[in-house]
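Everything below concerns the one structure shown next.
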Amino acid sequence: MEKQQNAYAQLAMAMLRTGILGYGGGPSVMPLFRYEAVTRYKWLDDDEFGETLAIANALPGPIATKMAAYLGYKLKKTTGAVFAILFHILPSSIAMIALLSLVSVLSHSKIVAGMIAGVMPVVAVMLGQMAYDFGEKTVKGLGKVFGIAMFVISFLLLETIHLHPAIVILIFLAYGSIHFRLVAKWGKNEKKKKKDEAG
Numbered sequence: 059m060e061k062q063q064n065a066y067a068q069l070a071m072a073m074l075r076t077g078i079l080g081y082g083g084g085p086s087v088m089p090l091f092r093y094e095a096v097t098r099y100k101w102l103d104d105d106e107f108g109e110t111l112a113i114a115n116a117l118p119g120p121i122a123t124k125m126a127a128y129l130g131y132k133l134k135k136t137t138g139a140v141f142a143i144l145f146h147i148l149p150s151s152i153a154m155i156a157l158l159s160l161v162s163v164l165s166h167s168k169i170v171a172g173m174i175a176g177v178m179p180v181v182a183v184m185l186g187q188m189a190y191d192f193g194e195k196t197v198k199g200l201g202k203v204f205g206i207a208m209f210v211i212s213f214l215l216l217e218t219i220h221l222h223p224a225i226v227i228l229i230f231l232a233y234g235s236i237h238f239r240l241v242a243k244w245g246k247n248e249k250k251k252k253k254d255e256a257g
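Following this note's numbering, the numbering of the sequence shown begins with 59 at its first residue and continues without gaps.
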């Protein structure tokens, strides 16, 4: 019973922190989710977090609530998912209601503009750190040649062709499922070719 209560308490604190400190929402809150789930409470390892993030990005709806739901479900099934979502959206819901009447004043406030400008570098560094960690894992998992090729292809698909991110993620998930088989087959072909040349 105590362990159950402890899991709910951890979930509540983690989701409140991501809800309060997740300035900007969406991708900018993912480093906070990663810290809570992987570093602080060790609910997931880095690989599982990366896989979950990729799948969540391919699904419709806000990424933060999907991650909250997944973490809650992993710990406490359906009850945990509902609990996690409620605690994640609670801070921003309260803030929205409290500040709604002050929107017109705050939008022209130099203090608020300064706060936004001040927090942007922090968000950028957090995203950069997470991108670097995922990039490092990609290169280790796929090798330098394939890893760099995947970065270039994904950049071209997203920035040049302007393909929807969900479609790009699905394409790469599909490729990832057959990558090691293709590499093994390519390796066998290379060995056979070398033997033929030597013979």
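Where a beta carbon is used, it is the ideal one built from N, C-alpha and C, also for glycine. All values derive from a computational prediction rather than experimental measurement.
Helix, strand or coil for residue i? Go by DSSP, reduced to three states.
| i | result |
| --- | --- |
| Y233 | helix |
| W101 | coil |
| N115 | helix |
| E60 | With a pLDDT of 47 at E60, under the threshold of 50, the modelled position of that residue is not reliable, and no figure is offered here. |
| Y81 | coil |
| G108 | helix |
| P89 | helix |
Residue i to residue j, Cα distance in whole Å?
| i | j | result |
| --- | --- | --- |
| Q68 | I78 | 15 Å |
| E60 | L129 | Annotation note: pLDDT 47 at E60 (below 50); position unreliable, coordinate value reported separately. Using only the alpha carbons, I get a separation of about 20 Å. |
| P85 | A189 | 11 Å |
| Y233 | A182 | 29 Å |
| L215 | N115 | 16 Å |
| I204 | H220 | Note that residue 204 corresponds to Phe in the displayed sequence, not to Ile. Between F204 and H220, the C-alpha separation is close to 22 Å. |
Measuring from the CB of residue i, is there a heavy atom of the ligand SAM at a distance below 8 Å?
| i | result |
| --- | --- |
| A189 | The model depicted lacks the ligand SAM and carries no ligand whatsoever. |
TODO: Starting from the N-terminal side, write out each stretch of the alpha helix (DSSP H) that is 4 residues or longer and does not extend beyond the region 141-224.
DONE: 161-164, 168-200, 202-213
Task: the region 120-127 in contact with the region 88-106 per 3-pair CB rule at 8 Å - done: yes
- [ ] Please determine if the region 170-184 and the region 96-111 are in contact, where contact requires at least 3 C-beta pairs separated by less than 8 Å.
- [x] They do not touch, by the three-pair rule.
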